[in-house]
Amino acid sequence: METSRIGILGSGDVGRALGRGFARHGWDVKLGTRNPDELRTELGPTEADISVGTFAEAAAYGDVVILAVLGDAAEAVVELAGEANFSGKLVLDATNPLDFSSGVPHLSLGGTTSLGERIQEALPEASVVKCFNTVSNMQMVDPEFEAGTPPMFICGNDDDAKTQTEAILVELGWPGAMDVGDITSARYLEALVPLWVRVGSNLGTWKHAFTAVQ
Ligand SMILES: NC(=O)c1ccc[n+]([C@@H]2O[C@H](COP(=O)([O-])OP(=O)(O)OC[C@H]3O[C@@H](n4cnc5c(N)ncnc54)[C@H](OP(=O)(O)O)[C@@H]3O)[C@@H](O)[C@H]2O)c1
Numbered sequence: 000m001e002t003s004r005i006g007i008l009g010s011g012d013v014g015r016a017l018g019r020g021f022a023r024h025g026w027d028v029k030l031g032t033r034n035p036d037e038l039r040t041e042l043g044p045t046e047a048d049i050s051v052g053t054f055a056e057a058a059a060y061g062d063v064v065i066l067a068v069l070g071d072a073a074e075a076v077v078e079l080a081g082e083a084n085f086s087g088k089l090v091l092d093a094t095n096p097l098d099f100s101s102g103v104p105h106l107s108l109g110g111t112t113s114l115g116e117r118i119q120e121a122l123p124e125a126s127v128v129k130c131f132n133t134v135s136n137m138q139m140v141d142p143e144f145e146a147g148t149p150p151m152f153i154c155g156n157d158d159d160a161k162t163q164t165e166a167i168l169v170e171l172g173w174p175g176a177m178d179v180g181d182i183t184s185a186r187y188l189e190a191l192v193p194l195w196v197r198v199g200s201n202l203g204t205w206k207h208a209f210t211a212v213q
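Mapping of the sequence shown onto numbering that gives the first Met the number 0: residues 0 to 213, in sequence order.
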C-alpha cells in the first residue's frame, strides 16, 4: 500500500496498541499526546521506531490519522490538533462517548447524534470513518477470535475512504469491513459499546466482538 505514515492521536491503551501494531506492519507511526516528553520516556528506547509528538504534530504527520482519545475530550483534541492538519485525509475515529460515573459505562451522547458525526462536522475537509470502536484494543491489530475473525463494523460518508479503510484493515489481519452506512450509523456503533461491556462482564472476556449472522 502506498500510504505509510500514520498519525495516532492518543497515548492510552488504544493509541499504543495501534501504534505498535501499525509499526509491526511496516507503517511509520507518530503518537500524539499532550505530554510528548513524558510519553517518549515511558516508551523507552525499545520502542524508538514509534515517534512521539503533540496532537498537532501527529495529525500533520499522518497520511492517515486515527483519533484514539477519551471520548469526552475528542472534540477538544481535534481543535487542539488544528483542522488544517486533517484536511483531505482519511480520519479513522476509534472513540466512544462514554460516561463511567456510575461504574458501568453509559453513552454520554447519542440518540439523534454521535461523536462520529460531531468529529465529521468539525472536520468538513476530511473523510471520517468510524472504525475500531467496537473491539478491544487487544484485538485491533492481528486479531484472534476462537470462532473466527468477523469483519470490522465501519461507517462514514465517503465510499473511497471506506474502501481505503477496508484495505488497511485487511493489511492488519482483518477479513474485511462491514460497512453499515453513512456517518449517522456511528450512533449505533457507539451504542454497541455499553452492551459490549455488559456482554464481556457476563462472558468473563474482553476479547469478544459482535457480528451479523444469517
Ligand atoms: N480501551 C479499549 O480497548 C477501547 C476499545 C475501543 C474503543 N476505545 C475508545 O478509544 C478511545 C481511547 O481509549 P483508551 O482506552 O486508549 O484511553 P482513554 O483514557 O479513553 O484516552 C486516553 C487519551 O485521551 C487523552 N485525553 C484524556 N483526557 C484529555 C483531555 N482532557 N484533553 C485532551 N486529551 C485528553 C489522553 O491524552 P494524553 O496523551 O495527553 O494523556 C490520551 O491520549 C476512547 O474514546 C475509548 O472509548 C477504547
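We put the CB at the ideal spot given by N, CA and C, even for glycine.
Here the structure is a predicted model, which means the values were calculated and not measured.
Looking only at its own chain, which residues have a Cβ that is under 8 angstroms from the Cβ of residue i, when we skip the five neighbours before and after it?
i: V13; result: A67, A93, F131, N136 and M139
i: H105; result: L97, D98 and P193
i: A190; result: L106 and G109
i: E78; result: A121
Run through DSSP, which three-state label would residue i get?
i: A58; result: helix
i: R15; result: helix
i: A83; result: helix
i: A208; result: coil
i: F99; result: coil
i: M177; result: strand
i: V127; result: strand
Give me, in chain order, the residues of the same chain whose beta-carbon lies closer than 7 angstroms to that of residue i; leave out the 5 immediate sequence neighbours on both sides.
i: T148; result: P142, W173 and P174
Span of the alpha helix (DSSP H) holding residue i?
i: S200; result: A185 to L202
i: D36; result: P35 to L42
i: L114; result: L114 to A121
Excluding the five sequence neighbours on either side, which residues of its own chain have a C-beta within less than 6 angstroms of the C-beta of residue i, listed in chain order?
i: G9; result: A67 and V68
i: D268; result: Lying before the first or after the last residue shown, residue 268 is absent from the chain, which here runs from 0 to 213.
i: S50; result: K29
If you follow the beta strand (DSSP E) that residue i is in, where does it begin and where does it stop?
i: D92; result: L89 to D92
i: D27; result: D27 to G31
i: F152; result: M151 to G155
Taking the DSSP output, what are the residues bridged to residue i?
i: G217; result: Nothing can be reported for residue 217, as the shown portion of the chain is limited to 0 through 213.
i: R4; result: D27
May I ask you to check if the CB of residue i is nearer than 6 angstroms to at least one heavy atom of ligand 3?
i: S50; result: Ligand 3 is absent from the structure shown, which contains only ligand 1.
Worksheet item: Can we say the segment 24 to 37 touches the segment 54 to 67, given the rule of at least three CB pairs closer than 8 angstroms?
Response: Between the segment 24 to 37 and the segment 54 to 67, the count of Cβ pairs shorter than 8 angstroms is three or higher; the stretches touch.
Discussion item. Would you call the segment 110 to 126 in contact with the segment 168 to 179, where contact means no fewer than 3 C-beta pairs closer than 8 angstroms?
Written reply: The segment 110 to 126 and the segment 168 to 179 do not touch, with fewer than 3 CB-CB distances between them shorter than 8 angstroms.
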